[in-house]
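Residue numbers (full-length UniProt numbering), protein chains in the order written: chain A, 1 to 348; chain B, 1 to 348.
Glycine included, C-beta positions come from ideal geometry on N, C-alpha and C.
First comes the structure, then the notes that go with it.
See the structure below:
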């Protein structure tokens with residue numbers, strides 16, 4: 001396992017995108033967001049994705065020019081964008097910059113992006129805004145993919161439909177990035193390549209039984225990912241997945257009904273400014289109290305104390321800046337593949 | 001089991017509140033929202049609550065005068081209210097009426113209520129707004145109660161922190177009302193009175209083991225409700241509960257840190273108007289497509305087809321208007337108790 005300096009990794013990724021004729025502003029944001037995903041430990045949603053993004057750029061299934069992102073409708077607090085499959089991280093950051101500005105004026109801002117390309121790791125967007133004492137919220141679904149079954153059903157109908165939210169505190173921010181299903185598509189794929197046994201029975205087979213075996217997912221007829229809550233409480237995960245579907249593809253008015261086949265994303269982002277509610281100091285004091293109470297809870301396993309969402313990632317990030325970033329072999333292989341396909345030298 | 005006409009039940013509840021010197025506008029909303037909870041089948045969060053609300057009114061722990069609800073801070077799209085423990089349903093509906101007006105102008109509106117009294121059934125608020133082609137979202141936590149353990153912990157720290165969202169479609173709306181924990185406080189209490197065995201192992205005992213036995217919850221040291229996702233995926237339910245905590249008590253700047261002991265709620269409501277995004281027709285078409293795909297999914301059990309969130313409740317509601325409302329014995333007992341404590345006749 002080699003250690004790579006984050007800045008060098010970002011430069012390498014950025015150059016790959018520049019070489020693919022991605023405009024400088026887009027290449028800069030996309031490479032920063034992808035590296036940030038790895039820094040926080042989300043290796044299925046970090047620089048590994050660059051290879052697929054570059055393939056889609058070459059095939060014309062992803063756009064690299066910032067001008068692809070157009071505002072379709074707007075008010076001072078809300079915007080609808082159409083992205084024409086521009087690389088997602090640039091779209092999301094543009095949308096969050098707009099909702100930030102709206103939140104600074106009105107307390108809240110919202111933006112929906114239809115026809116974005118894939119948007120990578122949700123947690124990777126958040127710290128930029130929590131550092132400004134704001135609460136950014138990102139929700140997404142992919143209308144081209146069906147992998148999660150509705151509660152009580154067997155057929156894959158929708159996607160894990162994750163949300164990410166950043167919560168400022170007096171110390172480390174809380175960075176939430178969770179899907180509304182038991183597991184993500186990325187974990188199913190990665191596990192399938194690595195032998196096919198998941199840690200938990202997160203899938204439902206065509207026989208209606210929960211299973212750890214990814215072969216059930218890729219069979220004919222196919223299996224599906226269970227909603228969060230599994231068989232017992234899956235009505236809740238299904239409800240939350242439906243909520244994300246409505247607030248992304250529904251709000252944008254573009255999704256599964258349109259027979260989408262391209263890798264992409266329906267996205268909605270919101271920003272709340274606590275200064276317009278109970279105040280930033282009171283917000284942080286309340287959350288610090290909550291974090292304290294959680295961390296003080298007696299642990300279920302003595303050696304594994306309670307951790308707040310995102311704190312392990314923030315620690316990992318700090319360590320990577322000190323010691324270099326360790327990337328798993330599947331990520332390194334994807335980077336070598338991306339370099340080779342782009343006809344450029346692999347520097348690490 | 002007796003059947004009661006919904007209008008007569010509402011009139012009875014309203015009169016109980018009027019007799020307790022609750023102002024007419026507040027009594028009207030509270031009785032309507034409580035009955036609506038039962039109509040949708042949420043009997044732990046319907047008229048059964050009236051007895052406790054009336055007790056709190058008599059003890060001065062709940063307020064009944066509409067003037068208790070004050071606007072502390074506002075922009076054209078956001079408001080912070082302080083409710084001084086005014087009965088919650090009135091506060092929530094006032095807040096949703098404001099966010100509706102804001103959404104009609106800006107596409108989005110948000111309001112936070114601190115020091116609300118209890119707000120009953122979240123699903124009960126939604127249809128009033130979905131009928132106007134809007135998306136209402138309600139989030140709440142109760143700073144006075146600690147019943148859910150953080151993932152990996154044993155001690156109860158926070159509440160089930162539910163959210164409700166109404167999603168208009170071309171036919172029946174989707175009405176979501178789910179907690180971020182496996183089960184609610186109401187179900188724990190009701191099950192404990194009825195023998196103490198839950199359907200699923202939704203609790204964690206002081207020994208760190210999941211259990212169906214509510215005795216573990218009420219023991220010394222106490223057990224706790226598990227986050228949605230249970231041991232395997234409870235980091236997701238914990239993250240979602242943390243999100244709701246931040247957007248309610250955090251945003252209002254008033255909560256657990258203030259040592260709250262009174263039964264109440266921190267509440268945030270949002271309204272989205274799809275007309276300012278992809279349009280109402282496109283929104284409904286997208287959701288109708290999604291609903292169709294979910295309902296078409298092969299069912300896991302042939303006799304139990306997939307159901308969308310809230311649709312069983314909407315059917316139940318229609319039946320109650322035709323045939324009268326059937327209330328479980330524990331609800332009827334609470335009504336008789338409320339009537340007796342108020343010194344008025346029980347009419348059913």
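In terms of Cβ geometry, residue 87 of chain B and residue 123 of chain B do not form a close pair [threshold 7 Å]. Taking CB atoms only, residue 47 of chain A has no neighbour in chain B less than 7 Å away. Contact fails between the segment 11-23 of chain B and the segment 29-42 of chain A, because fewer than three Cβ pairs, one in each stretch, are under 8 Å apart. Proximity of the segment 212-220 of chain B to the segment 133-141 of chain A falls short of the contact definition, fewer than three beta-carbon pairs being nearer than 8 Å.
If you draw a straight line from the Cα of residue 324 of chain A to the Cα of residue 4 of chain A, it is about 5 Å long. Taking the C-beta atoms as reference points, residue 288 of chain A is found no nearer than 7 Å to residue 130 of chain A.
With respect to residue 84 of chain A, residue 55 of chain A sits apart: the two C-beta atoms are not nearer than 7 Å. In the three-state scheme derived from DSSP, where H, G and I count as helix and E and B as strand, residue 211 of chain B is classed as strand. Counting along the chain, residue 80 of chain A sits inside the beta strand (DSSP E) bounded by residues 78-82. Taken in chain order, the complete alpha helix (DSSP H) segments of 4 or more residues contained in the segment 30-99 of chain A are 50-58. In the three-state DSSP reduction, residue 197 of chain A falls in the strand class (E or B). Using beta-carbon distances, residue 13 of chain B does not count as an interface residue toward chain A, since no partner is under 7 Å. Listed in chain order, the positions of the segment 19-49 of chain A with a beta carbon within less than 9 Å of a beta carbon of chain B would be empty, since no residue qualifies. The beta-carbon separation of residue 154 of chain B and residue 304 of chain A, rounded to 12 Å, does not stay under the 8 Å limit for a contact. Using a Cβ distance threshold of 7 Å, residue 250 of chain A and residue 283 of chain B count as a contacting pair. Within the segment 227-247 of chain A, those residues whose Cβ lies closer than 9 Å to any Cβ of chain B are, in chain order, 228, 229, 230, 231, 232, 233, 235, 236, 237, 238, 239, 240, 242, 243, 245, 246, 247.
By the C-beta density criterion, residue 31 of chain A is buried, having at least 16 other C-beta atoms within 10 angstroms. Residue 310 of chain B and residue 99 of chain A have their alpha carbons spaced roughly 31 Å apart. By the 16-neighbour rule on beta-carbons within 10 angstroms, residue 79 of chain B is buried. For residue 333 of chain B, the enclosing alpha helix (DSSP H) covers residues 329-341. Scanning chain A for C-beta atoms nearer than 9 Å to the C-beta of residue 225 of chain B yields nothing, as the closest lies near 11 Å away. Your pair residue 255 of chain A and residue 143 of chain A checks out as a contact, with CB atoms roughly 4 Å apart and the cut at 8 Å. Distance check between residue 71 of chain B and each of A:332, A:295, A:277, A:245 places A:277 closest, using alpha-carbon atoms only. Going by DSSP, residue 270 of chain A is part of the beta strand (DSSP E) stretching over 265-272. Within the segment 159-187 of chain B, the residues whose Cβ lies closer than 7 Å to any Cβ of chain A are, in chain order, 165, 167, 174, 176, 178, 182. One finds 286, 289, 290, 293 in chain B with Cβ atoms closer than 8 Å to the Cβ of residue 256 of chain A, taken in chain order. At a cut-off of 7 Å, the C-beta of residue 112 of chain A has a neighbouring C-beta in chain B. When DSSP states are grouped into helix, strand and coil, residue 177 of chain B belongs to the strand group. Around the beta carbon of residue 346 of chain B, a 10 Å sphere encloses fewer than 16 other beta carbons of the protein chains shown; the residue is thus reported as exposed. Interface with chain A (7 Å Cβ-Cβ cutoff): residue 75 of chain B is included. Spatial neighbours of residue 23 of chain A in its own chain (CB-CB distance under 7 Å, excluding positions within 5 residues in sequence) are listed in chain order as 64, 65, 66.
Excluding its 5 nearest sequence neighbours in each direction, residue 231 of chain A has C-beta neighbours in its own chain below 7 Å: 210, listed in chain order. Around the beta carbon of residue 48 of chain B, 16 or more other beta carbons sit within 10 angstroms, so the residue counts as buried.
Nearest to residue 7 of chain A by alpha-carbon distance, out of A:317, A:337, A:343, A:344, is A:317. Separation of the CB atoms of residue 77 of chain B and residue 77 of chain A is rounded to 5 Å, and the pair is thereby assigned contact status at 8 Å. The C-alpha of residue 339 of chain A is placed about 49 Å away from the C-alpha of residue 157 of chain B.
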